[in-house]
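One structure below.
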Amino acid sequence: MSDSLATLAAPCSHAVEIKKSRFLAQAAPASSPEAAMAVVDSLRGNGGTAAQCLQQAARQSIVHVTRMALHCDFAQWALLEGRIRERGIAIENTIYGALAVDAILAVPSDQESDLAHLVADATQGRGSLAALPVDCH
Numbered sequence: 031m032s033d034s035l036a037t038l039a040a041p042c043s044h045a046v047e048i049k050k051s052r053f054l055a056q057a058a059p060a061s062s063p064e065a066a067m068a069v070v071d072s073l074r075g076n077g078g079t080a081a082q083c084l085q086q087a088a089r090q091s092i093v094h095v096t097r098m099a100l101h102c103d104f105a106q107w108a109l110l111e112g113r114i115r116e117r118g119i120a121i122e123n124t125i126y127g128a129l130a131v132d133a134i135l136a137v138p139s140d141q142e143s144d145l146a147h148l149v150a151d152a153t154q155g156r157g158s159l160a161a162l163p164v165d166c167h
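Numbers 31 to 167, taken from my numbering, label the letters of the sequence shown in order.
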């Protein structure tokens, strides 16, 4: 089994009939472990049916992201924007100034170092990239 975290990609259900009793299990993605436990606490049923439902469900990996602030000269933004998008990094917000661009990025944690090198190289050291505080929106 892989050590990576995953969540359900979409809602799913599974039904089993046992001795003229029908057991229906339903599962859906949850936004947090707490939300998942709230649903679990409110349900009772056949554990085997629930296990089969979860085994058959499509999964997607949970990717940890760091929100980062990027600042660069306007002339360098076109190149950087293309390379950022090529890497699958989400650009959450962009503010265009007269001479510079500020952007908020959602960077997969395993790409932070590569992105820092990209920004340094593309801007010849004049751009900046910094992680935002966790509670910063």
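For every residue, glycine included, the Cβ atom is placed at its ideal position computed from N, Cα and C.
Sequence-distant residues of the same chain with beta carbon closer than 8 angstroms to residue i, five excluded per side
i	result
residue 160	98, 99
residue 153	102, 103, 106, 110
residue 155	none
residue 88	38, 39, 40, 42
Proximal residues to residue i (C-beta, below 6 angstroms), its chain only, five neighbours per side dropped
i	result
residue 54	45
residue 60	66
Beta carbon of residue i nearer than 7 angstroms to that of residue j
i	j	result
residue 102	residue 109	no
residue 136	residue 90	no
residue 125	residue 132	yes
residue 113	residue 162	no
residue 145	residue 92	no
DSSP beta-bridge partners of residue i
i	result
residue 51	48
Whole-Å CB distance - residue i paired with residue j, under 8 angstroms assumed
i	j	result
residue 86	residue 42	7 angstroms
Same chain, Cβ closer than 7 angstroms to residue i, five either side skipped, listed in chain order
i	result
residue 95	136, 137, 138, 139
(message) Would the region 111 to 121 count as touching the region 134 to 150 if we require 3 or more Cβ pairs under 8 angstroms?
(response) Because the criterion of three Cβ pairs below 8 angstroms is met, the region 111 to 121 and the region 134 to 150 touch.
(message) Could you check whether the region 78 to 87 touches the region 49 to 68, counting it as contact only if at least three pairs of C-beta atoms, one from each stretch, sit closer than 8 angstroms?
(response) Short answer: they touch.
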